[in-house]
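There are 2 protein chains.
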Amino acid sequence: MSVSRPKPAGLHRVVVAGAGFGGLFATKRLRGAPVEVTLIDRTTHHLFQPLLYQVATGILSEGDVAPATRDVLRHQHNARVMVGEVVDVDLDARTVTSLALDRETVVPYDTLIVATGSAQSYFGHDEFALHAPGLKTIDDALEVRGRIFGAFELAEIEPDPERQAAWLTFALIGAGPTGVEMAGQIAELSQGALRGCFREIDPADARILLLDGAPRILPTFDERLSTRAAEQLRRLGVEIEVGAMVVGVEEDGIEVQGADGERWRIPAMTKVWSAGVQATELSKLLAEQSGAQLTRRGQVEVEPDCTLPGHPEVFVVGDLMGLDGLPGLAEVAIQTGLHAASQVRRRLDGDATPRRFRYVDMGSLAAISRYYAVGERGAVRLWGFPAWIVWLIVHLAFLTGFKNRVAALFNWVTSFFGRSRYERTITRRQVLARGALGASDSLVTDSRPGEEGAGP
Amino acid sequence: MSVSRPKPAGLHRVVVAGAGFGGLFATKRLRGAPVEVTLIDRTTHHLFQPLLYQVATGILSEGDVAPATRDVLRHQHNARVMVGEVVDVDLDARTVTSLALDRETVVPYDTLIVATGSAQSYFGHDEFALHAPGLKTIDDALEVRGRIFGAFELAEIEPDPERQAAWLTFALIGAGPTGVEMAGQIAELSQGALRGCFREIDPADARILLLDGAPRILPTFDERLSTRAAEQLRRLGVEIEVGAMVVGVEEDGIEVQGADGERWRIPAMTKVWSAGVQATELSKLLAEQSGAQLTRRGQVEVEPDCTLPGHPEVFVVGDLMGLDGLPGLAEVAIQTGLHAASQVRRRLDGDATPRRFRYVDMGSLAAISRYYAVGERGAVRLWGFPAWIVWLIVHLAFLTGFKNRVAALFNWVTSFFGRSRYERTITRRQVLARGALGASDSLVTDSRPGEEGAGP
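From first to last, the protein sequence lines stand for chains A and B. The first sequence lines up with residues 455 to 910 when you count with this note's numbering. The second sequence lines up with residues 455 to 910 when you count with this note's numbering.
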């Protein structure tokens with residue numbers, strides 16, 4: 455174990471755990487402040503999670519949505535970036551422990567901002583992860599990309615009609631924005647980008663299933679938008695099964711239970727899980743040491759100013775934070791991250807009064823297919839092409855970095871107008887080790903709680 | 455085992471093994487011919503191998519250099535693409551056996567074009583692959599990308615100065631074009647793109663070693679160009695050790711033997727191997743069954759028309775082919791692939807006369823750094839900026855697909871003028887499992903002979 459080397463005395467030390475939206479925006483808001491920020495994350499990139507499904511479906515490259523964190527913060531001289539997993543917090547000693555390459559580093563803080571986010575939740579069935587990866591990290595996106603494009607390749611060489619049909623069946627488990635966007639993208643792949651590429655199969659025969667235990671898709675949206683989104687997905691050929699819980703996941707299929715308790719099996723080689731999220735492990739440590747409560751999803755219940763009860767020097771933001779039932783959205787992570795950093799700046803200016811966090815609802819958007827999205831903000835509802843244009847502008851505006859914006863726009867032009875997918879390269883290992891342990895052991899590791907990044 | 459489903463009778467069946475330059479250009483030349491082409495490859499992409507080092511160093515995305523093979527051949531209706539590894543050839547029965555997902559498929563042919571290329575050779579020390587991956591496949595490039603960018607990240611958190619120096623030492627083993635281009639790129643990374651990104655280390659302190667047992671770098675180039683290339687690399691800070699054989703590779707260093715037999719050890723966490731190539735396994739099968747000879751590098755010695763001795767229906771092209779000592783260049787693979795396909799077309803037109811393959815030497819190019827390349831064609835030698843402009847134009851012209859060209863140009867503009875690297879995303883698994891078995895077991899598998907793609 456080593457202790458992070460001491461810095462010139464006197465500067466207020468802020469440690470930020472997690473480089474997702476919450477952690478990155480908190481760090482950036484501290485630019486120029488008389489503090490020394492250490493941002494710790496298990497990956498070396500900030501992830502623009504709302505576009506991760508486009509990496510998985512061959513539209514964007516991983517570089518487009520995951521810029522190197524230290525490149526983003528290059529000119530912020532009071533910030534340093536450390537790769538490592540925050541495995542321990544000591545609220546009394548005011549230190550966090552970061553683990554990288556089997557070595558622990560103890561980093562002392564004066565203020566701690568915890569933004570480690572949420573991981574996929576399998577509701578106690580972590581074994582599902584092997585065959586139904588989630589979509590929370592770059593590792594996930596590349597794995598899912600390999601599975602989707604690999605499935606069409608393997609269907610092409612499959613002589614047995616039943617297994618061929620299973621290769622051509624894609625089950626999206628969970629009908630929140632991630633599941634809906636994936637369903638739309640796979641439908642467009644099968645009917646557009648892959649058309650004419652195969653000789654033995656017709657990719658348009660692909661069966662795309664969107665399943666959810668809830669009674670409707672996009673349950674957090676206005677019911678009329680759910681209905682419109684479902685109509686558009688059905689037009690694309692997506693089969694929607696709501697009120698249908700997935701109770702079993704195997705290599706070659708899923709078991710579904712209907713609202714009436716009846717169970718049935720669906721052969722499907724490719725499954726993607728976005729049915730639930732769970733706060734990362736750090737929440738338990740924080741709760742144990744501070745006496746804070748955990749929400750049902752494992753989030754830490756915080757004071758109205760986003761601090762840990764009894765610990766005004768510790769902020770919990772983003773998906774890890776339980777406050778007023780706020781949803782796991784990028785927007786909530788950004789606003790709470792900024793709120794925490796502003797509070798730190800005010801304290802350094804001598805104003806220690808806690809300020810209540812007030813969420814400004816910027817609305818929600820979900821892209822169903824090219825030229826079709828749904829969105830709402832307050833009483834305003836949008837759908838179809840106008841919503842899609844808003845979706846395009848908002849996502850371009852929020853992408854980090856000018857080059858990433860230009861690259862994304864360029865890729866969107868070629869994908870949406872040209873109807874092709876250029877970022878569909880998969881590794882040899884992904885094609886030929888499909889289903890074998892080699893391809894999937896990483897997933898088992900990655901699906902354990904402890905992921906960074908904002909919710910779906 | 456299954457036998458590929460029978461096709462409408464009468465059409466001449468051409469099977470092409472390998473979707474590298476040789477296999478792809480042979481297939482494309484058969485467009486419109488009264489044949490039925492089956493192209494088999496272990497990956498789902500054609501690889502533009504000459505730019506692979508740019509994927510490894512964060513300039514290009516994998517999609518930029520590895521378009522889906524079936525997308526390239528989408529409009530060629532007489533061609534089908536099959537994923538699988540060609541594990542057997544039966545010259546008497548005229549069948550090849552393709553293995554995918556533990557199932558073998560037997561594919562009959564009337565004409566066979568074998569273009570499975572070469573793999574990295576470790577000269578009997580395959581155990582070196584674990585710590586010194588090659589650069590022949592997309593899997594390799596992503597692995598090397600993870601190791602390079604990961605090494606800087608780990609140097610930043612390394613408290614021990616000696617180990618920190620080892621993290622900042624990069625050994626390029628083999629000073630052909632791949633080694634030279636990698637050395638130049640890592641030098642530019644350390645002095646340009648990564649500048650200002652770190653707080654504990656100065657990336658410009660990185661030590662970049664280019665080693666080769668031969669007496670000079672770029673040994674296939676004119677000696678004066680070798681000298682100029684070496685001068686430019688030294689200006690960039692690269693240390694060149696020629697006449698130095700790498701005789702040992704461990705996790706944290708290499709052992710080097712000089713021309714005088716003296717041995718010494720260099721601590722270096724990151725090693726890339728491009729010291730030798732070896733023909734893929736298929737060459738042995740072909741030699742055993744036909745009585746053909748193998749060259750020292752394991753290539754099949756063919757007739758002057760690129761056919762297997764005694765088997766005019768079997769062509770061997772590209773890196774796998776031994777003919778007149780032709781080098782393992784993309785250009786040789788392209789020209790022999792085209793030659794084989796033209797021969798097939800002539801035979802179908804009733805002209806069975808074997809035509810000798812004549813290589814048209816288009817010259818060689820190697821990029822040393824931005825704005826600096828060396829090149830030669832016949833008696834013409836070019837270096838510096840003019841050679842770099844030629845390099846740029848030639849590589850843009852040969853990249854497959856309009857979109858890939860625009861994307862590559864765009865990435866070059868941002869990387870060369872903007873001095874940044876946008877495609878440097880690495881997976882979480884790559885960062886934290888560095889050196890552990892999990893991260894590297896794929897390499898052991900991938901480094902066994904049997905790779906597709908043209909030589910360096």
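For each residue, glycine too, the CB sits at the ideal point set by N, CA and C.
Counting along the chain, no alpha helix (DSSP H) covers Tyr826 (chain A); the unbroken beta strand (DSSP E) around it starts and ends at 826-831. Across the stretch 606-620 of chain A, CB contacts with chain B closer than 8 Å involve Glu607, Leu608, Glu610, Ile611, Pro613, in sequence order along the chain. Spanning the alpha carbons of Val768 (chain B) and Ile567 (chain B) requires a straight line of approximately 6 Å. Straight-line measurement puts the Cα of Leu478 (chain A) at about 20 Å from the Cα of Leu780 (chain A). Interface criterion not met: the Cβ of His585 (chain A) is under 7 Å from no Cβ in chain B. If you check each beta-carbon in the stretch 639-671 of chain B against every beta-carbon of chain A, the ones closer than 9 Å belong to Ala647, Leu648, Arg649, Gly650, Cys651, Phe652, Arg653, Glu654. Within the DSSP secondary-structure output, Gly702 (chain B) pairs in a beta bridge with B:Glu709. DSSP, reduced to helix, strand and coil, places Met775 (chain A) within a strand of the structure shown. Annotated as distal: Arg882 (chain B) and Arg534 (chain A), with beta-carbon spacing of 7 Å or more. Here Gly715 (chain B) is not near Ser737 (chain B), since their CB atoms are 7 Å or more apart. Within chain A, no residue has its beta carbon less than 7 Å from that of Val541 (chain B); the closest one is some 12 Å off. Sequence-distant Cβ neighbours of Asp564 (chain B) in its own chain, meaning closer than 6 Å and more than five residues away, are His466, Arg467. Cα atoms of Val756 (chain A) and Leu774 (chain A): separation of roughly 10 Å, rounded to the nearest angstrom. Closest by C-alpha distance to Ser823 (chain A), out of A:Pro763, A:Gln639, A:Ile788, A:Glu830, is A:Gln639. Under the Cβ distance rule, Gly517 (chain A) counts among the residues neighbouring chain B, one pair being separated by less than 7 Å.
The beta carbons of Thr492 (chain A) and Val541 (chain A) sit no closer together than 7 Å.
Here DSSP, grouped into helix, strand and coil, assigns Phe475 (chain A) to helix. Taking 8 Å as the upper bound for CB-CB distance, Arg528 (chain B) and Ala795 (chain B) are not in contact here, some 19 Å apart. Under a 10 Å Cβ-count criterion, Pro657 (chain B) is classified as buried, with 16 or more other Cβ atoms of the shown protein chains found around its own Cβ.
By DSSP's assignment, Pro721 (chain A) forms a beta bridge with A:Gly707. Put simply, the backbone Cα of Ile611 (chain A) is about 35 Å away from that of Pro808 (chain B).
Here Phe839 (chain A) is exposed: its Cβ has fewer than 16 other Cβ atoms, across all protein chains shown, within 10 Å. CA-CA distance, Gly832 (chain B) to Ala625 (chain B), rounds to 32 Å. Residue pairing by DSSP places Pro808 (chain B) in no beta bridge whatsoever.
Beta-bridge partners assigned by DSSP to Trp837 (chain A): A:Val828. Take the alpha-carbon of Thr879 (chain A) and the one of Asp525 (chain B): they are about 11 Å apart. Classified as exposed, Arg688 (chain A) has fewer than 16 neighbouring CB atoms from the shown chains inside 10 Å of its CB. Note that the C-beta distance between Leu846 (chain A) and Arg859 (chain A) is not below 7 Å.
Here Leu514 (chain A) has Leu505, Gln508, Ala862, Asn865, Glu877 as same chain residues with Cβ atoms under 7 Å from its own Cβ, once five neighbours each way along the sequence are excluded.
Here the alpha carbons of Leu648 (chain B) and Tyr813 (chain A) stand approximately 37 Å from one another. According to DSSP, residue pairing for Thr879 (chain A) in a beta bridge does not occur. Look at Val537 (chain A): its C-beta is under 7 Å from a C-beta on chain B. The Cβ atoms of Ala698 (chain B) and Ile708 (chain B) do not sit closer than 7 Å to each other.
Each residue's CA atom was taken as its position, placing Ala480 (chain A) and Phe852 (chain A) some 15 Å apart. For Asp564 (chain B), the secondary structure class from DSSP, reduced to helix, strand or coil, is coil.
Taking C-beta separations shorter than 6 Å and ignoring five residues to either side along the sequence, the partners of Tyr825 (chain A) in its chain run Phe839, Trp842, following chain order.
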